[in-house]
Amino acid sequence: MASPQRKTIGGSRFLYDSFDLAQARIDAQERVDEERRAGLEFRLSRIEETLERLEKRLWLAVYGVASGVVVHGALAFLATQF
Numbered sequence: 031m032a033s034p035q036r037k038t039i040g041g042s043r044f045l046y047d048s049f050d051l052a053q054a055r056i057d058a059q060e061r062v063d064e065e066r067r068a069g070l071e072f073r074l075s076r077i078e079e080t081l082e083r084l085e086k087r088l089w090l091a092v093y094g095v096a097s098g099v100v101v102h103g104a105l106a107f108l109a110t111q112f
């Protein structure tokens, strides 16, 4: 199948005009750029999800340590009362 940019002249190794060839290269580069951008966006979304999970775990650890300190202080306070 001949693309719409190809000439109908056969047998030549130069199937594109110089401007058509440049436009074909630009179009191909734009398609490659779109695919790369889509891949980057996918990876960035995965990284953001991972960071959100890590942040939740970090806050859980912070609250766990804080509650341990409060319990330890309360037990020390109760031990001095009796």
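For what it's worth, the working numbering labels the leading residue of the sequence shown as 31, then goes sequentially. Idealized CB from N, CA, C, for every residue including glycine. Model, not experiment: these values are computed from the prediction.
Check, Outcome
"Three-way DSSP call (helix, strand, coil) for F72 in this model", "helix"
"Q53 versus R87: straight-line alpha-carbon distance, rounded", "51 Å"
"Cα-Cα separation between A104 and W89, rounded to whole angstroms", "22 Å"
"Counted within 10 angstroms of its Cβ, other Cβ atoms place K37 as buried (16 or more) or exposed", "Below a pLDDT of 50, predicted positions are generally treated as unreliable, and K37, at 49, falls in that range; the measurement from the model is reported next regardless. With fewer than 16 Cβ atoms within 10 Å of its Cβ, K37 is classed as exposed."
"Nearest-angstrom Cα separation, counted from E78 out to V101", "34 Å"
"CA-to-CA distance, E65 to A96, given in whole angstroms", "47 Å"
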